[in-house]
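Trainee: Dumping the structure here so I can ask a few things about it.
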DNA sequence: TCTTTAAGATACGACACCGTAGCTTAGTTG
DNA sequence: CAACTAAGCTACGGTGTCGTATCTTAAAGA
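Below, the structure written as structure tokens:
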């Protein structure tokens, strides 16, 4: 049985440098997405990348290093650019970005890291400092801070608790349902939880 | 080197029935708490319980079965009993129960199951149906439903989104900080997120 | 073209866990 | 006390990963 990656069987060329590194990165992300962080192995990554273990050990010493490297290289740079017009729309959009990550191997790998973080806080710290922070991936936090700066929402309402609501609710949904919430659900999270928390409850006016 | 559990070295008695099962349950929970669900192994559980693999295979066929069995046997039966007087206090208390679980091996094992759930929805389903639901462990949901029934909060505000807020925020905090939130933090979650979401924003009166 | 670099292939002993088998013996039951 | 049940022990072949070593050779640079 030939268990090498389809794309690599019969390949006669020999990849070097960034071509090879990219292939290894992709392999690491796919492995993490499918098998979790604890399921990563040098053998598995090498097999999927269609390369030899020796090529891996030449650059990294443990599988987690490859994964963090891979995620840093491929994590989408967040471009918040809220038009500062439509708070509700911008909040939903920032959650859509997060939710759509869940459909992507990269996002699944990210969730795998988050899952492992419950047991391995060190991994979470590395993910935050080596991937998440450099790429500015903060989703609803970015939007809320932006609007607060502009004085469009009460800055006192934008706390380290409230900026986490969106991510927390999406994470919980993913845990419970095994998939990312759809757009309707995200809109409900914004309307029923985030907006009320920042003092802009859409229902508040209708009541009383 | 003798790597058996301290309590079992030199033990001359031979445990049978529920004594033995309890020891195996404890071992499975500790193993899951320390090594995660994917780190469970029949060898590891047997070693920690100070018993033989054969005694495990006599009753279970895979480590996950032992863990779910163990969690079912030891999961705290939730006794909500909200006095129906202090909504805020009851909400905080229900989150304290959840947060304190995180300090316990059983709770850590539960988090390990939740972590694995992101990759293995089947495990999550089994945990829900075989452990969580039978034990009625629903935390803030229980409190909110109770108060809504009594007409003390708007039933339209108690949705499948809002009942999850507490658990979601505690889960997110645990992921981010590697430990459970303290009481102050839980109070802030209640004040800044849950109460506003059910239309009882503590700050709303002071504003405008 | 010649030299240098590194990718690729293969093999190695070590280790951990798998699931099962065969046996001894402690604990329970009659 | 005798018979039975099941706990405990040891060992087995098989598999997968580990990290390293050795060698060949393609690709890049001079």
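Chains as they are written, first to last, in my numbering: chain Z, 2 to 209; chain E, 2 to 209. We treat Cβ as the ideally placed atom computed from N, Cα and C, and that holds for glycine.
So what's residue 18(Z) in DSSP terms, helix, strand or just coil?
Mentor: Walking along the first chain from the start, residue 18(Z) turns up at place 17. In the structure shown, residue 18(Z) sits in a helix (DSSP, three-state: H, G or I).
Trainee: Quick one: is residue 6(E) near chain Z, going by C-beta distance under 9 Å?
Mentor: Sequence index remark: in the second chain, residue 6(E) carries index 5 (1-based). Its pLDDT being 45, under 50, residue 6(E) is placed unreliably by the model, and the measurement read from it follows with that caveat. No - not a single Cβ of chain Z is within 9 Å of the one on residue 6(E).
Trainee: From residue 17(Z) to residue 135(E), what distance separates their C-alpha atoms?
Mentor: For the purposes of this step, residue 17(Z) is taken as residue 16 along the first chain, with counting starting at 1. For the purposes of this step, residue 135(E) is taken as residue 134 along the second chain, with counting starting at 1. In a straight line, the C-alpha of residue 17(Z) is about 56 Å away from that of residue 135(E).
Trainee: Between residue 193(Z) and the rest of its own chain, which residues show a CB-CB distance below 6 Å, the 5 nearest in sequence each way excluded?
Mentor: As a first step, residue 193(Z) is located in the first chain; it is residue number 192 there, counting from the start. Taken in chain order, the list of residues that qualify is empty.
Trainee: If you run the structure through DSSP and keep just helix, strand and coil, what is residue 123(E)?
Mentor: Position 122 of the second chain holds residue 123(E). Helix.
Trainee: What are the start and end residues of the alpha helix (DSSP H) that includes residue 99(Z)?
Mentor: Position 98 of the first chain holds residue 99(Z). First-last of the alpha helix (DSSP H) with residue 99(Z): 88–102.
Trainee: CB residue 97(E) to CB residue 119(Z), shorter than 9 Å?
Mentor: Taking the first residue of the second chain as position 1, residue 97(E) is located at position 96. Taking the first residue of the first chain as position 1, residue 119(Z) is located at position 118. Contact flag unset, no.
Trainee: What does a CB cutoff of less than 6 Å around residue 61(E) pick up in its chain, not counting 5 residues either side in sequence?
Mentor: Along the second chain, one-based indexing puts residue 61(E) at 60. Cβ within range, chain order: 67.
Trainee: Using only the alpha-carbon positions, how far apart do residue 167(Z) and residue 57(E) sit?
Mentor: On the first chain, residue 167(Z) is found 166 positions in, with the first residue counted as 1. On the second chain, residue 57(E) is found 56 positions in, with the first residue counted as 1. Their backbone Cα atoms lie some 43 Å apart in a straight line.
Trainee: Within the present structure, is the beta-carbon of residue 114(E) separated from the nearest heavy atom of the ligand GTP by less than 8 Å?
Mentor: By its list of ligands, the structure shown contains no ligand whatsoever, and the ligand GTP lies outside what it can speak to.
Trainee: With DSSP collapsed to three states, give me the class of residue 154(Z).
Mentor: Working through the first chain from its first residue, we reach residue 154(Z) at position 153. Coil at residue 154(Z), not helix or strand.
Trainee: Put residue 199(Z) into one of helix, strand or coil per three-state DSSP.
Mentor: The residue you call residue 199(Z) lines up with position 198 of the first chain. Coil at residue 199(Z), not helix or strand.
Trainee: Under 8 Å, CB to CB, which of the residues in the segment 194–208 of chain E have a partner in chain Z?
Mentor: So the close ones are 194, 197, 198, 200, 202, 204, 205, 208.
Trainee: In three-state terms, what does DSSP make of residue 41(Z)?
Mentor: Along the first chain, read from residue 1 onward, the residue named residue 41(Z) stands at position 40. Coil, per DSSP.
Trainee: Helix or strand or just coil, what does DSSP make of residue 64(E)?
Mentor: What you label residue 64(E) is simply residue 63 of the second chain in a count that begins at 1. DSSP places residue 64(E) in helix when its eight states are reduced to three.
Trainee: Could you say which of 200(E), 26(E), 53(E), 121(E) lies nearest to residue 71(E) if we only look at CA atoms?
Mentor: By one-based count along the second chain, residue 71(E) stands at place 70. Nearest of 200(E), 26(E), 53(E), 121(E) to residue 71(E), Cα basis: 26(E).
Trainee: Chain Z partners of residue 111(E), CB-CB under 7 Å?
Mentor: For this step, residue 111(E) is matched to residue 110 along the second chain. Within chain Z, no residue comes near residue 111(E); the closest Cβ sits about 10 Å away, beyond 7 Å.
Trainee: Do residue 110(Z) and residue 33(Z) have their C-beta atoms within less than 9 Å of each other?
Mentor: The residue given as residue 110(Z) occupies position 109 in the first chain. The residue given as residue 33(Z) occupies position 32 in the first chain. Result yes, Cβ atoms of residue 110(Z) and residue 33(Z) sit closer than 9 Å.
Trainee: For residue 189(Z), return the contacting residues in chain E, with the cut-off set at a CB-CB distance below 7 Å.
Mentor: Within the first chain, residue 189(Z) is the residue found at index 188, counting from 1. Result: 162.
Trainee: What residues in its chain sit with their C-beta under 7 Å from that of residue 188(E), if we drop five residues either side in the sequence?
Mentor: Position 187 of the second chain, counting from 1, holds the residue named residue 188(E). Counting only Cβ-Cβ distances below 7 Å, and skipping sequence neighbours, we find 93.
Trainee: Smallest Cα separation from residue 40(Z): which of 178(Z), 184(Z), 64(Z)?
Mentor: As a working note, residue 40(Z) is residue 39 in the first chain. The residue with the shortest Cα to Cα distance from residue 40(Z) is 64(Z).
Trainee: For the 8 Å Cβ check, are there 3 or more pairs between the segment 112–130 of chain Z and the segment 115–131 of chain E?
Mentor: The segment 112–130 of chain Z is in contact with the segment 115–131 of chain E.
Trainee: Does the beta-carbon of residue 14(Z) have 16 or more other beta-carbons within 10 angstroms, so that it is buried, or is it exposed?
Mentor: Within the first chain, residue 14(Z) is the residue found at index 13, counting from 1. It counts as exposed.
Trainee: With a threshold of 16 other CB atoms inside 10 Å of the CB of residue 108(E), please say whether the residue is buried or exposed.
Mentor: Counted from its first residue, the second chain places residue 108(E) at position 107. Result: buried.
Trainee: Buried or exposed: which applies to residue 8(E), given that a residue is buried once 16 or more other Cβ atoms fall within 10 Å of its Cβ?
Mentor: Within the second chain, numbered from 1, the residue matching residue 8(E) stands at position 7. Per-residue confidence for residue 8(E) stands at a pLDDT of 48, beneath the threshold of 50, marking its modelled position as unreliable; no derived number is given.
Trainee: Less than 9 Å separating the beta-carbons of residue 162(E) and residue 146(E)?
Mentor: For the purposes of this step, residue 162(E) is taken as the residue at position 161 of the second chain. For the purposes of this step, residue 146(E) is taken as the residue at position 145 of the second chain. No, the pair does not count as a contact, with Cβ atoms beyond the cut-off.
Trainee: Within 9 Å of any Cβ in chain Z, is that where the Cβ of residue 173(E) sits?
Mentor: What you label residue 173(E) is simply residue 172 of the second chain in a count that begins at 1. Interface residue, yes.
Trainee: Shorter than 9 Å from the beta carbon of residue 65(E) to some beta carbon of chain Z?
Mentor: Working through the second chain from its first residue, we reach residue 65(E) at position 64. Chain Z contact via Cβ: absent.
Trainee: List the whole-angstrom C-beta distance separating residue 169(Z) from residue 201(E), where the pair is believed to meet the contact cut-off of C-beta under 8 Å.
Mentor: Translated into positions along the first chain, residue 169(Z) becomes position 168. Translated into positions along the second chain, residue 201(E) becomes position 200. No, residue 169(Z) and residue 201(E) are not in contact; Cβ-Cβ is about 20 Å, not under 8 Å.
Trainee: Buried or exposed: where does residue 180(Z) fall if 16 or more other Cβ atoms within 10 Å of its Cβ makes it buried?
Mentor: For the purposes of this step, residue 180(Z) is identified with residue 179 of the first chain, where counting begins at 1. Exposed, since its Cβ has fewer than 16 Cβ neighbours within 10 Å.
Trainee: Chain Z partners of residue 125(E), CB-CB under 8 Å?
Mentor: What you label residue 125(E) is simply residue 124 of the second chain in a count that begins at 1. Going along chain Z in sequence order, the residues near residue 125(E) (Cβ under 8 Å) are 176, 177, 179.
Trainee: Whose Cβ in chain E lies nearer than 9 Å to the Cβ of residue 170(Z)?
Mentor: Reading the first chain from its first residue, position 169 is the one you call residue 170(Z). Going along chain E in sequence order, the residues near residue 170(Z) (Cβ under 9 Å) are 162, 165, 166, 169, 170, 173.
Trainee: Against residue 77(Z), what residues of chain E qualify as contacts under a CB-to-CB distance less than 8 Å, listed in chain order?
Mentor: Taking the first residue of the first chain as 1, we reach residue 77(Z) at position 76. Chain E residues near residue 77(Z): none, gap ~20 Å exceeds 8 Å.
Trainee: Could you tell me whether the Cβ of residue 186(E) comes closer than 9 Å to any Cβ of chain Z?
Mentor: Walking along the second chain from the start, residue 186(E) turns up at place 185. Answer yes: the Cβ-Cβ gap between residue 186(E) and chain Z drops below 9 Å somewhere.
Trainee: Does the Cβ of residue 55(E) have 16 or more other Cβ atoms within 10 Å, making it buried, or fewer, making it exposed?
Mentor: In the second chain, the residue the question calls residue 55(E) occupies position 54. Residue 55(E) is exposed by the Cβ-count criterion.
Trainee: May I ask which residues mark the beginning and end of the alpha helix (DSSP H) holding residue 106(Z)?
Mentor: Locating residue 106(Z) in the first chain gives position 105, counting from the first residue. Start and end: 106–118.
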